[in-house]
Amino acid sequence: MHTTRNKQIKKPLTSAPRKRCSSRTTGKFIKYVLLVYILIIMVAIKISRTAFYELMYQLSSKPAERGGILLGPTGTNYITHFYFDRSGVCTGGTYSPDYTTLNRRMRQQWRPSGLELKGFVHSHAGNLDQLTAGDMSYIKKLLSKNPHMNMFIAPIVVPNQHRIQPYIISRDSMNYAQRAHFEFF
Amino acid sequence: MNAIIPSGIFSTKDTYRSKNGLYYFDFDFVDRGKYTDIYCTRHPSFNGQDSSVRKTHLYSSGKICFVGGKEPRSLWEARRRAKEWAEYILEYIRTGKAQS
Numbered sequence: 001m002h003t004t005r006n007k008q009i010k011k012p013l014t015s016a017p018r019k020r021c022s023s024r025t026t027g028k029f030i031k032y033v034l035l036v037y038i039l040i041i042m043v044a045i046k047i048s049r050t051a052f053y054e055l056m057y058q059l060s061s062k063p064a065e066r067g068g069i070l071l072g073p074t075g076t077n078y079i080t081h082f083y084f085d086r087s088g089v090c091t092g093g094t095y096s097p098d099y100t101t102l103n104r105r106m107r108q109q110w111r112p113s114g115l116e117l118k119g120f121v122h123s124h125a126g127n128l129d130q131l132t133a134g135d136m137s138y139i140k141k142l143l144s145k146n147p148h149m150n151m152f153i154a155p156i157v158v159p160n161q162h163r164i165q166p167y168i169i170s171r172d173s174m175n176y177a178q179r180a181h182f183e184f185f
Numbered sequence: 186m187n188a189i190i191p192s193g194i195f196s197t198k199d200t201y202r203s204k205n206g207l208y209y210f211d212f213d214f215v216d217r218g219k220y221t222d223i224y225c226t227r228h229p230s231f232n233g234q235d236s237s238v239r240k241t242h243l244y245s246s247g248k249i250c251f252v253g254g255k256e257p258r259s260l261w262e263a264r265r266r267a268k269e270w271a272e273y274i275l276e277y278i279r280t281g282k283a284q285s
């Protein structure tokens, strides 16, 4: 019996030479893929230019471990206002928000104006642009006290480098801070 | 909705658990510009061993002593050095042998 199952198709011994990619082209391609990947992965945070300039002006010009509150219109994910927490207690390694003043302002000023808490921004010493374990435990506390918030925005300003790295902490995964980027309006 | 801001601290403090998993250390890092100071705010008891700075490299303020010019230059380095110090202290507590 003849069966075709075991028949092997012989490839020609010689084939057309492949065109080699130069390392420069490959490098460009990898960069492009990485950029697309980062843009897909990173969540965008919409922030007004005035709020952004204000927070960078206040935090990047001062020693590390200062902070402030991010506010935006109720029911949206936009950040439109930044309030620098002048009376917060700051040491070289910690920033404790002046929660009494912030809560009073929230009650008397921001809530009647249709603004709500979106997150906190604070600065870190050195080149540390990540949220620390201490930061995450306070953010968890903030989320647990505010059950209406689905996510918490927590950018880190690095005054040494005049740089900011935004993060989003989702209620669904409170142990994980997702890197994000700002979109201005 | 009524947002509430509870009391709390944004902190760069680190808690380190020793390699053997038995002891915890708390460290606070303070940026001094050119270098970073490390403060140990929690460590196990010296268990009767000499607690002088010469042996423990720990000032009474909690600051870890480094030779001038050998201080950690970045927060990352400070974290690494803090872990190394923690393991050294556990060895010192266990054996009583101090490093100069």
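Protein sequence lines correspond, in order, to chains W and G. Counting from 1, one number per residue, gives the positions in the first sequence under our numbering. Counting from 186, one number per residue, gives the positions in the second sequence under our numbering. C-beta: ideal position from N, C-alpha, C; glycine also.
Buried/exposed call for residue i, threshold 16 Cβ in 10 Å
i, result
"residue 183 of chain W", "exposed"
"residue 188 of chain G", "buried"
"residue 269 of chain G", "exposed"
"residue 177 of chain W", "buried"
"residue 124 of chain W", "buried"
"residue 235 of chain G", "exposed"
"residue 172 of chain W", "exposed"
"residue 258 of chain G", "exposed"
"residue 197 of chain G", "buried"
"residue 64 of chain W", "buried"
"residue 238 of chain G", "exposed"
"residue 88 of chain W", "buried"
C-beta atoms of residue i and residue j nearer than 8 Å
i, j, result
"residue 59 of chain W", "residue 153 of chain W", "no"
"residue 161 of chain W", "residue 179 of chain W", "no"
"residue 275 of chain G", "residue 126 of chain W", "no"
"residue 224 of chain G", "residue 248 of chain G", "yes"
"residue 195 of chain G", "residue 271 of chain G", "no"
"residue 156 of chain W", "residue 131 of chain W", "yes"
"residue 244 of chain G", "residue 229 of chain G", "no"
"residue 32 of chain W", "residue 191 of chain G", "no"
Under the three-state DSSP convention, the category residue i falls into
i, result
"residue 199 of chain G", "strand"
"residue 204 of chain G", "coil"
"residue 97 of chain W", "coil"
"residue 53 of chain W", "helix"
"residue 171 of chain W", "helix"
"residue 129 of chain W", "coil"
"residue 283 of chain G", "coil"
"residue 157 of chain W", "strand"
"residue 251 of chain G", "coil"
"residue 194 of chain G", "coil"
"residue 86 of chain W", "coil"
"residue 221 of chain G", "strand"
Candidates the options, of which the one nearest residue i by Cα
i, options, result
"residue 221 of chain G", "G:280, G:251, G:243, G:284", "G:251"
"residue 54 of chain W", "W:68, W:143, W:88, W:126", "W:68"
"residue 128 of chain W", "W:89, W:93, W:115, W:185", "W:93"
"residue 219 of chain G", "G:273, G:262, G:193", "G:262"
"residue 175 of chain W", "W:49, W:98, W:137", "W:137"
"residue 121 of chain W", "W:91, W:143, W:74, W:167", "W:167"
Interface residues of chain W facing residue i [CB-CB closer than 9 Å]
i, result
"residue 260 of chain G", "124, 125, 126, 127, 128"
Under 8 Å by beta carbon: chain G residues contacting residue i
i, result
"residue 76 of chain W", "The contacting residues do not exist; residue 76 of chain W stays about 13 Å from chain G at best."
Chain W residues whose Cβ lies nearer than 7 Å to that of residue i
i, result
"residue 251 of chain G", "Result: empty, since nearest Cβ-Cβ is about 16 Å, beyond 7 Å."
"residue 372 of chain G", "Residue coverage of chain G in this structure runs from 186 to 285, which leaves residue 372 of chain G outside it and unanswerable."
Where residue i meets chain G, residues with beta-carbon distance less than 7 Å
i, result
"residue 67 of chain W", "195"
"residue 138 of chain W", "193, 194, 195"
Subject >> Near-chain B residues of the stretch 186-202 of chain G (beta-carbon distance less than 9 Å), N- to C-terminal order >> reply: No chain B is part of this structure, whose protein chains are labelled W and G.
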